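These notes are about the structure you will find just below.
In the numbering used here, the protein residues as written are 450 to 1436.
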């Protein structure tokens, strides 16, 4: 062993046998050798006598790297030496160096042969066919030497496909051109000979060396896509391939490889008439029985891919060929193969290249125009439904993960939800083509699930229920309520069933979802309401052992109550009894440990007891029995906080938050008319509750989650109590008026917007008190111009500022549109008028959010009407008219619309443009010639508006048709834009 071999072995060593210094020296020495100008000769000589696999690999790797870097600069003699040496090695010959020729690389492991194949392909890339035209023809006589040469030839062909020809990998333009050159040369020179060699090798070695034959078939499979198909599709070749598949004494790997070659023939691109002839000639039915074997075997997997690929090609032929003969043959072949396809889809691992849904959807699509369908077609549709049923089933391996809903379970559920979407679309398509077949199938599936034993597969039951659920998407409203149709049979069956696997989360959820989907059925079939209530309220629903089911059941029950509320009056007492324990959980101070927030349950109860059909005394008793213990809970918490923990513990805060949510949800069922007019005692209870809950803001003034929940409750009380809420508002707003946090300001403004929209002038006094404080804080927080959102601009802080800005504009808009704009002119508010005007002006001209710009223009229009109505004496707001005429009119109504970013093709922008045109009309009506003179005499000349168009504008503006004005002004703007050519600079 010389120094180089030792250095290579040390540098390759991954153990701690050699110390780091020695290893570094070895690596340095090896690198030094690599840099030798004669490195290629050194490597080839070393390959001729060294038997160490590590050294051989290093030599091949080094030779490959040297060729990559130096090939183009090598002399013809160097290239010739490398070519001859590499080819000799690939043909199982020893390189004759100084009479030493004892070592043959092909006797080494596979990784050496793969690296050698890469080097041969590199030489083919640069030298075939111009420099080395005989490479393939030279290989063929050597194949008779030994099986290792055949194996090496296959590796070269495969490497050529992987490295250059196959389009499964992205290729550069140069690579595509070289691949085309090589394929053209091979087709003209050697492809027939190679194909013949493949045939002879398989016949010779199929019994003695099946692994070698498998390699040959793998190479063949790769090349079929671009060679003459007639070389393969002939009696001798096809017969041989089918014999390989059908000889059960041969290994599965070899038989499967033959199937994949036939698949390559089937999927080869060609005109559909020729393809159909080939498909018909294959007599594919010979291999159908093979898919019935062990679904895990390589043979079954390969034959399954062949069967599905064949069926897909036949279907394409039936769609592409217009002749009667073509369609007839296609249909005959399709009918022949479909039973095997259905078997494969239900029992085998389907090749990822084959889309089950795409194929079946295509097949179903061929039937849309056929009527009536044949018995065979109806049978196939039934089989398709069975495939859907099997495909939508969850894998039992994940049963416990899905039930616990751990990370693996969540991922599997998400995957299946996505996977099922297309299958359910296919179900609906089958339902449209053959509704009776679909309904019978779902009926039978559900009946089978209903009669299932304790051992019945959970996944099968869930799939049957999911099919019934999915059917609901395509049912018309009258069918969903019909007691004599399919639902009249299946919904009662479902309600009467208690599945042995009902404790499973997935089964319980889809059971409840299905009842909810068909809840319109109960509107006309009220006799089944008690059974439906039982499903929601017993251990199948809100009392299920799984918390995720309980949560979902509460939500679905609320939806059920909303739809069927009038029909549920006789059952209110029963429902409350069943929910008593759920309500009681919120009268104990441990709600934070409860995984359910309870809001849906309380909302459902509120909807039920809030109906006017409930007797007044009972209604009062119900509400009192719910509110009193909840308020007592809060009272205890507040007392403890005052005495022991002014800041409140996390558990305390969570408890109070949950209780507020429950009370809030409960209140949603009570209308304003009931609480204030017909049954004021109900309103009184809610007033007392509101007054009591406002103490939370006093005891916990800084706890944002509690402030948020109390604010939400005030919103509800505004709706429930109407004007009678007013006495409580000053105290509430005083506590809620926050410091200067954008998020809390937003919540406060939203509440004020609700109050203004509901009570208009009734909140003037409140607004006069809070507006100056709000304005002060908002103008201190918001920038005068755009909120900067550059790099890293999508932060939570910037989002909060943007939300505050939008809400503040809405607030100003609500004030002006409810005749409250005089609030801006009060002594305490006037100091903020200038800031407000500048902010509105900038936003109306430049804000990126077009609807926000529109709101600001509308605010200006309203202020003009409020403050400048004609006839007028002295100016109501000194300087306002000149600001509007000189700043707003020219900047917003002229300069901003001339900018090319003002896109007339956008719907929102067109609406904004309409408001801008209306603003001009309003300014003329209120300011007369003062506006017209400034806008036309000073604004138009700045944008080089022709005199005739300016005069035409004046004439149309003074008319009464706003549509004509809008159309003309848009045309004017577009003409001025062409003139400006984007050079306008905004003032």
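The beta carbon of each residue, even a glycine, is placed where N, CA and C say it ideally should be.
None of the values given here were measured: they were computed from a predicted structure.
inquiry  = DSSP three-state label for residue 1348, please.
reply    = coil
Minimum C-alpha distance to residue 1030 - residue among 1219, 992 and 944 = 992
ask   = Roughly how many angstroms separate the alpha carbons of residue 644 and residue 950, rounded to a whole number?
value = 59 Å
request  = Taking residue 642 as the reference, give the member of 479, 1395 and 588 with the closest Cα.
outcome  = 588
key: DSSP-derived helix/strand/coil call for residue 1042   = For residue 1042, the predicted structure reports a pLDDT of 47, less than 50, and the residue's modelled location is therefore unreliable. A value from the coordinates is still provided. It is helical.
ask   = Alpha carbon to alpha carbon, how far is residue 1094 from residue 1105?
value = 14 Å
ask   = In terms of alpha-carbon separation, which member of 1220, 1245, 1255 and 977 lies closest to residue 1277?
value = 1220
ask   = Between 1077, 1381 and 1343, which lies nearest to residue 1425 when the distance is taken from Cα to Cα?
value = 1343
query = Would you say the region 530-544 touches the region 577-591, given that touching needs at least three Cβ pairs under 8 Å?
reply = yes
request  = From the DSSP output, in three-state form, read off residue 1103 for me.
outcome  = helix
task = Provide the residue span of the alpha helix (DSSP H) that contains residue 1373, from first to last.
result = 1356-1376
query = Counting pairs of beta carbons, one from the region 818-832 and one from the region 852-869, are three or more of them closer than 8 Å?
reply = no
key: Validate contact between the region 654-665 and the region 595-603 using beta carbons, cut 8 Å, 3 pairs   = yes
ask   = For the 8 Å Cβ check, are there 3 or more pairs between the region 470-485 and the region 524-534?
value = no
ask   = Within the chosen definition, does the region 1014-1031 reach the region 983-1002 through at least 3 CB pairs nearer than 8 Å?
value = yes
ask   = What is the C-beta distance between residue 676 and residue 640, in whole angstroms, given that I count them as a contact (C-beta under 8 Å)?
value = 5 Å
message = Can you give me the C-alpha to C-alpha distance between residue 694 and residue 703, rounded to a whole angstrom?
response = 8 Å
inquiry  = Among the candidates 707, 617, 609 and 813, whose CA atom is the shortest distance from the CA of residue 635?
reply    = 609
query = Would you call the region 1044-1061 and the region 1106-1126 in contact, with 3 or more CB pairs under 8 Å?
reply = yes
ask   = Whose CA, out of 555, 1232 and 1136, lies closest to the CA of residue 605?
value = 555
key: Delimiting residues of the alpha helix (DSSP H) encompassing residue 1159   = 1153-1170
ask   = Considering only C-alpha positions, which residue in the set 1079, 881, 469 and 737 is nearest to residue 787?
value = 737
Option nearest residue 960 by Cα separation, candidates 976, 941, 975 and 1150 = 941
query = What number of angstroms, rounded off, separates the C-alpha of residue 1224 from the C-alpha of residue 1281?
reply = 7 Å
ask   = Pick from 1141, 1169 and 1353: whose alpha carbon is nearest that of residue 1122?
value = 1169
request  = Taking all protein chains shown into account, decide if residue 1234 is buried (16 or more other Cβ within 10 angstroms of its Cβ) or exposed.
outcome  = exposed
inquiry  = Judging by CA-CA distance, which residue of 864, 914, 1019 and 1060 is the nearest neighbour of residue 890?
reply    = 914
task = Examine the Cβ distances between the region 844-862 and the region 809-819 and report whether three or more of them are shorter than 8 Å.
result = no
key: Residue from 1250, 1287, 1304 and 1296 whose Cα sits closest to the Cα of residue 1263   = 1304
message = Given this structure, state the Cα-to-Cα distance separating residue 577 from residue 542, to the nearest angstrom.
response = 22 Å
key: Neighbourhood of residue 1315 by C-beta distance below 6 Å, restricted to the same chain and skipping five residues each side   = 1270
task = Take the Cβ of residue 1191 as the centre, count every other Cβ of all protein chains shown within 10 Å, and call the residue buried at 16 or more, exposed below.
result = buried
message = Which residue wins for smallest C-alpha separation from residue 1346, given the options 1334, 1363 and 1333?
response = 1363
message = Closer than 8 Å is the cut-off here; do at least three beta carbon pairs connect the region 1155-1165 with the region 1209-1218?
response = no
CA-to-CA distance, residue 754 to residue 720, given in whole angstroms = 22 Å
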